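Residue numbers (numbering that gives the first Met the number 0), protein chains in the order written: chain A, 0 to 153; chain B, 0 to 153; chain C, 0 to 153.
Idealized CB from N, CA, C, for every residue including glycine.
This structure is a prediction, so every number in the text was calculated from the model and none was measured.
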Amino acid sequence: MSAETKVKDLALEIPAEPFKPAGQYVNATRSGNLLFVAGQVPAKPDGSIVRGKLGADMDVNTGYETARLAALNALATVRAELGTLDRVSRVLRVYGVVNSTPDFMLHTRVIDGASELLVEVFGEAGKHARLAVGVASLPAGMALEFEMTVEVGD
Amino acid sequence: MSAETKVKDLALEIPAEPFKPAGQYVNATRSGNLLFVAGQVPAKPDGSIVRGKLGADMDVNTGYETARLAALNALATVRAELGTLDRVSRVLRVYGVVNSTPDFMLHTRVIDGASELLVEVFGEAGKHARLAVGVASLPAGMALEFEMTVEVGD
Amino acid sequence: MSAETKVKDLALEIPAEPFKPAGQYVNATRSGNLLFVAGQVPAKPDGSIVRGKLGADMDVNTGYETARLAALNALATVRAELGTLDRVSRVLRVYGVVNSTPDFMLHTRVIDGASELLVEVFGEAGKHARLAVGVASLPAGMALEFEMTVEVGD
Numbered sequence: 000m001s002a003e004t005k006v007k008d009l010a011l012e013i014p015a016e017p018f019k020p021a022g023q024y025v026n027a028t029r030s031g032n033l034l035f036v037a038g039q040v041p042a043k044p045d046g047s048i049v050r051g052k053l054g055a056d057m058d059v060n061t062g063y064e065t066a067r068l069a070a071l072n073a074l075a076t077v078r079a080e081l082g083t084l085d086r087v088s089r090v091l092r093v094y095g096v097v098n099s100t101p102d103f104m105l106h107t108r109v110i111d112g113a114s115e116l117l118v119e120v121f122g123e124a125g126k127h128a129r130l131a132v133g134v135a136s137l138p139a140g141m142a143l144e145f146e147m148t149v150e151v152g153d
Numbered sequence: 000m001s002a003e004t005k006v007k008d009l010a011l012e013i014p015a016e017p018f019k020p021a022g023q024y025v026n027a028t029r030s031g032n033l034l035f036v037a038g039q040v041p042a043k044p045d046g047s048i049v050r051g052k053l054g055a056d057m058d059v060n061t062g063y064e065t066a067r068l069a070a071l072n073a074l075a076t077v078r079a080e081l082g083t084l085d086r087v088s089r090v091l092r093v094y095g096v097v098n099s100t101p102d103f104m105l106h107t108r109v110i111d112g113a114s115e116l117l118v119e120v121f122g123e124a125g126k127h128a129r130l131a132v133g134v135a136s137l138p139a140g141m142a143l144e145f146e147m148t149v150e151v152g153d
Numbered sequence: 000m001s002a003e004t005k006v007k008d009l010a011l012e013i014p015a016e017p018f019k020p021a022g023q024y025v026n027a028t029r030s031g032n033l034l035f036v037a038g039q040v041p042a043k044p045d046g047s048i049v050r051g052k053l054g055a056d057m058d059v060n061t062g063y064e065t066a067r068l069a070a071l072n073a074l075a076t077v078r079a080e081l082g083t084l085d086r087v088s089r090v091l092r093v094y095g096v097v098n099s100t101p102d103f104m105l106h107t108r109v110i111d112g113a114s115e116l117l118v119e120v121f122g123e124a125g126k127h128a129r130l131a132v133g134v135a136s137l138p139a140g141m142a143l144e145f146e147m148t149v150e151v152g153d
């Protein structure tokens, strides 16, 4: 089943437009069949950003849902770049950064919110290498961000 | 206008030699037309490294200038690898890490110091995908570091 | 001398199997001749993960040995993907993340534990671009993690 069909079947709410970069950068660049997706923010359908710190004022389940939001925004970016998600031949790399306290330990569960979405949509092609870490702070107090590298099919 | 002409016109002070890696690594590696630039440090023309922590003992404007210094050092690395900046066909990815307190929120403004320099020098080709985060600590107490992936033209 | 011969000569203990990813991801993905290795954990031969925080309850020498453990696990992953380490034509990029206190400064020395191992095994081909940072926290309280991108020879 194609990724776009999957998105329809699961009724996933991918934003019509990717979130606009706040600084002097762009949402994605491409070299050959590699698509480098910039740090994607967890924006709600109304455009507001989810703020918080894991281990302090945000629990793990909310973190999981927040990572899913960031992944949906990443899909919006991929669609804007490639026209359709069906041109993704593999999700190569995901880097999840979690705004967290020094004693937080459940990054895996949080970033799985993004990773599981990618596998739901792309199936085997959605299985990616990943690094998940807890950072001291993020722009605007965002709860998390994630970066992605994708392979584009011919 | 070529990148090297831009550098002359803007009278940018790119170090004659890239900053020497302090550990067991090199400043850049290449595979095909991808150039992987290692974490670049904010070194002043006299060779001293800029130390500090955003949100504590360094303000945002100084952070911006510090990111610009790191970008200048990255350009020195690119020149040393490729002979000339004019062989860069695209800046693909920038990862800016800011040494910060847990409540710092203005990473975007800080790392723009590096990103704006790249766009000044390379124009459209300087527009990159970016991730900016706040880390707990950096080697030698540096205020920031950034990593870059560049596409080399044929 | 081939990398596999080096491993034998140095009697390096590369785990028979790579450490299983704890979350919804895989240990490595490949696109063309690029192998993206996921965040590798510092696991001991008995399978236990090394936990700790540099600058608090782990000293730099232990950190160095811990980084070496993570690199050995990365070699296990590369072997599992490619069949043999001898197919690595270049280690392109290493990203070392150290679980650390806000005032820790010796990341370079810690991550050198991984970098020096890569140079021991691969020689010139093991020299990589690197970024080393100190993060607020890591999954399960691990002391460090590292990510790697490798070029595969034809």
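Cβ of residue i less than 8 Å from any chain B Cβ?
i       : result
C/Leu9  : no
A/Asn72 : no
C/Met57 : no
C/Leu33 : yes
From the DSSP output, in three-state form, read off residue i for me.
i        : result
B/Phe155 : Residue 155 of chain B falls outside the range modelled here, since chain B spans only 0 to 153, and no answer is possible.
A/Ile13  : coil
A/Gly22  : coil
A/Asn72  : helix
C/Gly125 : helix
C/Gly38  : strand
A/Gly133 : strand
C/Gly140 : helix
B/Ser47  : coil
B/Gly95  : strand
B/Thr148 : strand
B/Ala55  : coil
A/Ser88  : strand
A/Thr65  : helix
B/Thr4   : helix
At the level of alpha carbons, what is the spacing between residue i and residue j?
i        : j        : result
A/Val25  : A/Glu80  : 11 Å
B/Leu76  : B/Pro17  : The identity of residue 76 of chain B in the sequence shown is Thr, whereas the question assumes Leu. Straight-line Cα distance between these residues: approximately 5 Å.
B/Arg42  : B/Val49  : The question names Arg, but residue 42 of chain B is Ala in the sequence shown. Cα to Cα, the separation comes out at about 6 Å.
B/Ala128 : A/Leu137 : 17 Å
B/Gly125 : B/Pro44  : 23 Å
B/Ala27  : A/Ala10  : 44 Å
B/Val40  : B/Pro14  : 12 Å
B/Thr65  : A/Val36  : 25 Å
A/Phe121 : B/Lys7   : 48 Å
C/Arg108 : B/Gly22  : 7 Å
C/Val96  : B/Met141 : 15 Å
A/Val118 : A/Asn60  : 19 Å
B/Phe103 : A/Arg67  : 24 Å
C/Arg92  : C/Arg86  : 16 Å
C/Asp153 : C/Asn32  : 8 Å
A/Gly72  : A/Glu12  : It is worth fixing the name first, because residue 72 of chain A is Asn in this sequence and not Gly. One C-alpha to the other measures close to 9 Å.
B/Asp111 : B/Tyr63  : 7 Å
C/Glu3   : C/Leu34  : 18 Å
A/Lys52  : B/Ala135 : 14 Å
A/Pro20  : A/Leu74  : 15 Å
B/Glu115 : B/Met147 : 14 Å
C/Gly82  : B/Arg29  : 24 Å
A/Ala69  : C/Asp58  : 36 Å
Please find out if some non-hydrogen atom of the ligand NAD comes closer than 7 Å to the beta-carbon of residue i.
i       : result
A/Lys19 : Questions concerning the ligand NAD fall outside what the structure shown contains, since it holds no ligand whatsoever.
Output, in chain order, the set of chain A residues within a Cβ distance shorter than 7 Å of residue i.
i        : result
B/Pro101 : Ala135, Ser136
Residues of chain C with a CB under 7 Å from the CB of residue i: which are they?
i        : result
A/Thr107 : Ala21, Gly22, Pro138
B/Glu146 : Leu130
A/Glu150 : Ser30
Is there a Cβ of chain C sitting closer than 8 Å to that of residue i, yes or no?
i        : result
A/Asn60  : no
B/Ala27  : yes
A/Leu143 : no
At a CB-CB cut-off below 9 Å, which residues of chain C make contact with residue i?
i       : result
B/Gly38 : Tyr94, Ala128, Arg129, Leu130, Ala131, Val132
Applying a beta-carbon distance threshold of less than 9 Å, which residues of chain A neighbour residue i?
i       : result
B/Arg89 : Thr28, Arg29, Ser30
Between residue i and chain A, is there a C-beta pair that is closer than 8 Å?
i      : result
B/Met0 : no
Subject >> Cβ-based contacts, 7 Å cut-off: residues of the stretch 108-119 of chain A near chain C >> reply: Per Cβ criterion, the list reads Ile110, Asp111, Ser114, Glu115, Val118.
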